[in-house]
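If you read the sequence shown in our numbering, its first letter stands for residue -9, the second for the next number, and so on. Cβ coordinates follow ideal geometry from the N, Cα and C atoms, glycine included. Below is one structure, written out as structure tokens, with a few remarks after it.
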Amino acid sequence: MAKKVILTGDRPTGKLHLGHYVGSLRNRVRLQNSGEYDVYVFIADLQALTDNARNPEKIKNSLKEVALDYLAAGLDPKKTTIFVQSQIPELTELTIHYMNLVTVARLKRNPTIKTEINLRGFGEAVPIGFLNYPVSQAADITAFKAHYVPVGEDQLPLIEQCREIVHSFNSLYGEVLRMPEIMLEENDACKRLPGTDGKAKMSKSLGNCIYLSDDSETVRKKIMGMYTDPNHIRIEDPGCVEDNAVFTYLDAFCKEEHFKKYLSEYKNLDELKDHYRRGGLGDVKVKKFLYQVIEELLQPMREKRAYYEEHLDQVYEMLEEGSKKARVEARDTLDKVRKAIGINYFDKM
Ligand code: ATP
Ligand code: MG
-9 MAKKVILTGD RPTGKLHLGH YVGSLRNRVR LQNSGEYDVY VFIADLQALT
41 DNARNPEKIK NSLKEVALDY LAAGLDPKKT TIFVQSQIPE LTELTIHYMN
91 LVTVARLKRN PTIKTEINLR GFGEAVPIGF LNYPVSQAAD ITAFKAHYVP
141 VGEDQLPLIE QCREIVHSFN SLYGEVLRMP EIMLEENDAC KRLPGTDGKA
191 KMSKSLGNCI YLSDDSETVR KKIMGMYTDP NHIRIEDPGC VEDNAVFTYL
241 DAFCKEEHFK KYLSEYKNLD ELKDHYRRGG LGDVKVKKFL YQVIEELLQP
291 MREKRAYYEE HLDQVYEMLE EGSKKARVEA RDTLDKVRKA IGINYFDKM
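Right, here's the structure in full:
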């Protein structure tokens, strides 16, 4: 039986951070290694240009950084097709066809887009390309006939938009496109990891990130400076673990084996939380533990990254190969779409 298809990507607007890792990247590596899926992962440079058109250098540079982050985090080009969005022109034509099925009003109502327009201060001066990126994202997902899209919770409205497009297209022109499903992490902390400032989402645009490529000292400083419970002033004060980013990170990253290794006076996270709630447990101790947990994750990534930084030719070769392979699949979908619409005038009878 044919394998189920997984597709997901990232905007090259900077390096990848812990939010990307728990929200999506870690899962991709797992799915890739299970051998049960065809996995496509892409760098969404066209989407990144929709709000960075005046700064293409940033996108070009971040493309390299994201590719390095992928390899460092364990994506393997032998198992996963890693490609670059702009190198697949078929995606752009698919976008054009889907644009006719979506209204401007609908795009403006999309809660993720609304938040992002506000964050960027676009107002009515929002570039058409930016407003349209959910449509282009639908082209990415459908071109590869994805069954599942593993992403963070912020992407829910975008996947919903894609599903609406698939529904409209198939109703109009026949069952051509596959209906995708979102694949969310079960762990709430992973669906939307907060920033080090305690804000709702770790995000490049908010500058509250721990990057996968941060060096050890930078990670230490960021963690030691993290937001916790503002009412937990003295060690003996009872503390709150909800809305406390340090504990949310532990929810996302720590396993029982970490306690054995670094903090053996507690059996597990529940015990640590109970002590914090009762009072008598200081922030510094919890932060030091978190630092060790995160370091255990990031140190091997730094080593892999350093290797590929020295072998950039291999990185670009991988992207080129992946893009060639991905293009064949996108071409197949575009041919079917053209035929369904009836603009395949010159096909041989
Ligand atoms: P930008 O600010 O440029 O939009 P971003 O940090 O939001 O960048 P994206 O490239 O938009 O990153 O997101 C890539 C993937 O990572 C998406 O699947 C998204 O849901 C997921 N993701 C991003 N931030 C988080 C987070 N804090 N927690 C969980 N998942 C996240
Ligand atoms: Mg984003």
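Under the three-state reduction of DSSP, THR85 is assigned to helix.
Secondary structure at HIS301: coil, using DSSP grouped into helix, strand and coil. In this structure, MET291 lies away from LEU183, with their beta-carbon atoms at least 8 Å apart. Apart from the 5 residues on each side of it in sequence, LEU271 sits with its Cβ closer than 8 Å to the Cβ of ILE225, GLY229, LEU262, HIS265 in its chain, given in chain order. Residue pairing by DSSP places ILE(-4) opposite VAL29, TYR138 in a beta bridge. In this structure, PRO101 and ILE131 do not form a Cβ contact; the two beta carbons are roughly 19 Å apart against a cut-off of 8 Å.
In the DSSP assignment, TYR201 is bridged to HIS7. If you check the CB distance, LYS69 and VAL31 do not come in under 8 Å. Out of LYS(-7), LEU6, SER14, LEU8, the CA that lies nearest to the CA of GLU176 is found in SER14.
THR238 has no beta-bridge partner at all, per DSSP. The beta carbon of ASP241 is closer than 6 Å to those of ALA179 in its chain, skipping five residues each way along the sequence. According to DSSP, MET173 shares a beta bridge with PRO140. Taking every protein chain shown into account, the CB of GLY25 has fewer than 16 other CB atoms within 10 angstroms, so this residue is exposed.
In the DSSP assignment, VAL56 falls within the unbroken alpha helix (DSSP H) covering 46 to 63.
Around the beta carbon of GLU207, fewer than 16 other beta carbons lie within 10 angstroms, which makes this residue exposed. At the C-beta level, ILE33 and ALA57 come within 8 Å of one another.
Under the three-state reduction of DSSP output, PHE159 falls in the helix class. Residue state for THR208 is assigned as helix, using DSSP reduced to three classes. Rounded to whole angstroms, the gap between the alpha carbons of HIS10 and HIS157 is 29 Å.
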